[in-house]
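Residue numbers (the numbering used here), protein chains in the order written: chain C, 1 to 223; chain Y, 1001 to 1317. The beta-carbon is built from N, C-alpha and C at its ideal position, and this holds for glycine as well.
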Amino acid sequence: MDDPIETNIARRNVLKTGALAATATAVPLSAMAQAPNAGTATATTPAVPASAPVTSKVKLRVNGKQHELTVDTRTSLLDVLRENLHLTGTKKGCDQGQCGACTVILDGRRINSCLSLAIMHDGSEVTTIEGLGQPGKLHPMQAAFVKHDGYQCGYCTPGQICSAVSVLDEIRKGVPSHVTADLNQKPLLSIDEIRERMSGNICRCGAYSNIVDAITEVAGGKA
Amino acid sequence: MRAFTYQRVSTPAEAAAAAARTPGSRFIAGGTNLLDLMKLEIETPTHLIDVNHLGLDKIEPTKEGGLRIGAQVLNVDLASDARIRRDYAVLSRALLAGASAQLRNKATTAGNLLQRTRCPYFYDTAQPCNKRVPGSGCSAIGGYNRNHAIVGHSEACIATHPSDMAVAMQLLDAGVETVKPDGSTRTIPIADFYRLPGNTPHIENNLMAGELITAVTLPRPLGGRHFYRKVRDRASYAFALVSVAAVVQPDGSGRVALGGVAHKPWRVPGADASMAGGANAVVERLLAGAKPTADNAFKVTLVQRTLESVLAEAKKG
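If you want it as structure tokens, here you go:
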């Protein structure tokens, strides 16, 4: 069998290439995507000499484990998770809040970790896909995604699952959505509600209908 | 992204004073727009002032019978608040029509008001843009401008304001409460908050340097039926082509504001008086002097039909 470390590195390189390709393909769509940057963001300014990096300390509790880190002030929460803590389950897709691949649960709420500075979340609690469940002890949502084949390439899946877990939590708490018919009633669980609430997670393979099936099953099959 | 120093402050006055003292600084709250612009080096602050810990995260009743929304109230919490859902449903609907759940969990009230345009040329640093580099020209005029302004624009800029929330706030005659670097406070009526592009499209609002938004106030509830109808290229998670915010009273009177058509949320004094006369009469006043481009002339028809549909639904009772 291959050396596990070698295999791991090779897989990560493949994924990096995949992410770039996916971003490039998504550019024409981005003009209508409601996201922080919905423009043609392919051009960046040529490198300008920047002033010296500034670092800052940050304490984060990630998946129940306390970490104290010194990071460049520019570091996103996503990069801290992947590069500093080596929790590579959380994926970098567009890195601009359009695709949802980087979704994690911060202090009980799902966010795009790519649009968060790590230093702004000193003392926060983060749950990533690794914290939801592990092989042999999957979270019910992870198990349902496997059962319903809620993915193809799998790159968006950790973000989809973190989002899906939060969707059910938000419906339980009565957070309304764009498709909630009566704002003065608690939102009901329905396929339309799930689809609307999952719209911040893009799946280029188009596994949407299986994703909805997986979420519906975990919710108790009432949708 | 350029390097920057970072500071947390604990009072609004301290934040405003720090900003006035530190050239090149910016306030940061949710960061969902600012960080994106910093990655592309469209925004290049050398110092960030974190305003998330000022205790401005509450929604409280005002003496006048309205509500004061703290500047750092998250979009999700504002949309979910029982009082907003019951008495200002147009605001809840507008918020829920915007962005994704992940972004609404992070974006704040003040940050939403101050978000920048999504004109693709503003974002493309290889292209001229008067908003990004004053005096460089406008690439959208004569370029890809299907989603640009049809009214109130200038030879310098035809970008639109992207916020849904601000359209509802404009409809509700909200006030923007601020603190200046000298510690004094004021309330800017939202009708006077945003600017038309004119020759200075890079100056988007009437805040002075260092002035910090502390709250948005809503007057007493209007009653009536509330609508926020947003038309976009896909069913969710897209900016408006056009949007119509309206409050309609049982006698057919009411008020209307538009999103997606101008450099700011669009409301015209006098247009509301035509409400009972139907959509055509209102749109004639609302879009008087409109100058759409060949590629976005469809927005004029779309506004008219969207308002028609809102008024028809209001009539159904």
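Less than 7 Å between C-beta atoms, sequence neighbours within five positions excluded: which residues of the same chain meet that for residue i?
i, result
"residue 78 of chain C", "90, 92, 102, 113 and 114"
"residue 21 of chain C", "Model confidence at residue 21 of chain C stands at a pLDDT of 43, short of 50, so the residue's coordinates are unreliable and nothing is read from them."
"residue 1282 of chain Y", "1256, 1271, 1274, 1275 and 1307"
"residue 1037 of chain Y", "1043 and 1116"
"residue 1017 of chain Y", "1181"
I believe residue i touches residue j by the beta-carbon criterion, under 8 Å. Please report the beta-carbon distance rounded to the nearest angstrom.
i, j, result
"residue 1026 of chain Y", "residue 1035 of chain Y", "With 8 Å as the limit, residue 1026 of chain Y and residue 1035 of chain Y do not qualify as a contact, their Cβ atoms being about 11 Å apart."
"residue 154 of chain C", "residue 210 of chain C", "That belief does not hold up - the Cβ atoms of residue 154 of chain C and residue 210 of chain C are roughly 13 Å apart, past 8 Å."
"residue 1076 of chain Y", "residue 1104 of chain Y", "4 Å"
"residue 1163 of chain Y", "residue 1115 of chain Y", "6 Å"
"residue 1050 of chain Y", "residue 1084 of chain Y", "Actually they are not in contact, since the Cβ atoms of residue 1050 of chain Y and residue 1084 of chain Y sit about 26 Å apart, beyond 8 Å."
"residue 193 of chain C", "residue 1236 of chain Y", "That pair is no contact at about 11 Å."
"residue 1288 of chain Y", "residue 1171 of chain Y", "Contact flag wrong, Cβ pair sits at about 19 Å."
"residue 1177 of chain Y", "residue 1217 of chain Y", "6 Å"
"residue 128 of chain C", "residue 104 of chain C", "5 Å"
"residue 1061 of chain Y", "residue 1214 of chain Y", "So it is not a contact: roughly 17 Å between Cβ atoms."
"residue 1109 of chain Y", "residue 1047 of chain Y", "About 23 Å; that fails the 8 Å criterion."
Just to confirm my understanding: we take residue i, look at its own chain, exclude 5 residues before and 5 after, and list those with CB closer than 6 Å. What are they?
i, result
"residue 46 of chain C", "For residue 46 of chain C, the predicted model reports a pLDDT of 41, less than 50, meaning its position is unreliable and no value from the coordinates is stated."
"residue 119 of chain C", "56, 58 and 73"
"residue 1058 of chain Y", "1070"
"residue 1002 of chain Y", "1044"
"residue 205 of chain C", "152 and 153"
"residue 1098 of chain Y", "1164"
"residue 215 of chain C", "164 and 194"
"residue 1091 of chain Y", "1084 and 1168"
"residue 1249 of chain Y", "1224"
"residue 218 of chain C", "140, 141 and 144"
Output the boundary residues of the alpha helix (DSSP H) element that contains residue i.
i, result
"residue 148 of chain C", "140-148"
"residue 218 of chain C", "208-219"
"residue 161 of chain C", "157-173"
"residue 1279 of chain Y", "1279-1286"
"residue 125 of chain C", "Looking at the DSSP string, residue 125 of chain C is not in any alpha helix (DSSP H); the run it does join, the beta strand (DSSP E), is 124-127."
"residue 1187 of chain Y", "Element bounds for residue 1187 of chain Y: not the alpha helix (DSSP H) but the beta strand (DSSP E), 1185-1189."
"residue 1112 of chain Y", "1109-1113"
"residue 1036 of chain Y", "1034-1039"
"residue 1093 of chain Y", "1089-1096"
"residue 1012 of chain Y", "1012-1021"
"residue 1205 of chain Y", "Careful: residue 1205 of chain Y lies outside any alpha helix (DSSP H) and carries neither H nor E."
"residue 191 of chain C", "191-197"
From this set, the options, which residue's C-alpha is nearest residue i's C-alpha?
i, options, result
"residue 1093 of chain Y", "Y:1105, Y:1009 and Y:1080", "Y:1080"
"residue 293 of chain C", "C:107, C:117, C:108 and C:87", "Nothing about residue 293 of chain C can be reported from this structure: the residues present for chain C run from 1 to 223 only."
"residue 1161 of chain Y", "Y:1177, Y:1172 and Y:1119", "Y:1119"
"residue 1154 of chain Y", "Y:1288, Y:1007 and Y:1263", "Y:1263"
"residue 1159 of chain Y", "Y:1053, Y:1260 and Y:1100", "Y:1260"
"residue 141 of chain C", "C:83, C:99 and C:164", "C:164"
"residue 1234 of chain Y", "C:200, C:146, C:216 and C:215", "C:200"
"residue 1184 of chain Y", "Y:1210, Y:1269 and Y:1225", "Y:1210"
"residue 1179 of chain Y", "Y:1166, Y:1157, Y:1208 and Y:1009", "Y:1208"
What residue does the beta strand (DSSP E) around residue i start on, and which one ends it?
i, result
"residue 1244 of chain Y", "1242-1248"
"residue 1152 of chain Y", "Taken as a continuous stretch (DSSP letters only), residue 1152 of chain Y belongs to no beta strand (DSSP E), as it is neither H nor E."
"residue 1228 of chain Y", "1225-1231"
"residue 1179 of chain Y", "1175-1179"
"residue 1027 of chain Y", "1025-1028"
Identify, in the order they occur along the chain, each residue of the same chain with its Cβ nearer than 8 Å to the Cβ of residue i, setting aside the five sequence neighbours on each side.
i, result
"residue 48 of chain C", "Unreliable placement is indicated for residue 48 of chain C, whose pLDDT of 45 sits below 50; the coordinate value is still reported in the next sentence. Excluding positions up to five away in sequence, the list is empty."
"residue 1191 of chain Y", "1170, 1173 and 1267"
Just by C-beta distance, which residues in the stretch 123-157 of chain C are closer than 9 Å to chain Y?
Those residues of the stretch 123-157 of chain C that come within reach of chain Y (Cβ to Cβ, closer than 9 Å) do not exist; the list is empty.
Identify each residue in the stretch 192-210 of chain C for which the Cβ-Cβ distance to at least one residue of chain Y is less than 9 Å, and report them in chain order.
Of all residues in the stretch 192-210 of chain C, the ones placed with a Cβ closer than 9 Å to any Cβ belonging to chain Y are 195, 196, 197, 198, 199, 200, 201 and 202, in chain order.
Using Cβ-Cβ distances below 9 Å, what residues of the stretch 160-192 of chain C are close to chain Y?
Answer in chain order: 163, 166, 167, 170, 173, 174, 175, 176, 177, 178, 179, 180, 183 and 184.
Compile a chain-ordered list of the residues in the stretch 88-103 of chain C whose CB is closer than 8 Å to at least one CB of chain Y.
Listed by position, the residues of the stretch 88-103 of chain C near chain Y (Cβ gap below 8 Å) are 95, 96, 97, 100 and 103.
If contact means a Cβ-Cβ distance below 8 Å, which residues of the stretch 1085-1105 of chain Y contact chain C?
Of all residues in the stretch 1085-1105 of chain Y, those with a C-beta nearer than 8 Å to a C-beta of chain C are 1085, 1086, 1089, 1092, 1093, 1096, 1097, 1098, 1099, 1100, 1101, 1102, 1103 and 1105, reading in chain order.
Along the stretch 1051-1078 of chain Y, what residues have a CB closer than 8 Å to any CB found in chain C?
Within the stretch 1051-1078 of chain Y, contact with chain C at the beta-carbon level (separation under 8 Å) is assigned to 1052 and 1076.
Relative to chain Y, which residues along the stretch 70-89 of chain C have a C-beta separation below 8 Å, given in chain order?
Taking 8 Å as the Cβ-Cβ cut-off against chain Y, the residues of the stretch 70-89 of chain C that qualify are 72, 73, 74 and 76.
Residues of the stretch 1172-1184 of chain Y with Cβ closer than 7 Å to any Cβ of chain C, in chain order
Result list empty, no residue passes.
Where the stretch 108-121 of chain C meets chain Y: residues whose CB sits under 8 Å from a CB there:
Cβ contacts with chain Y come from 109, 110, 111, 112, 115, 116, 117, 119 and 120.
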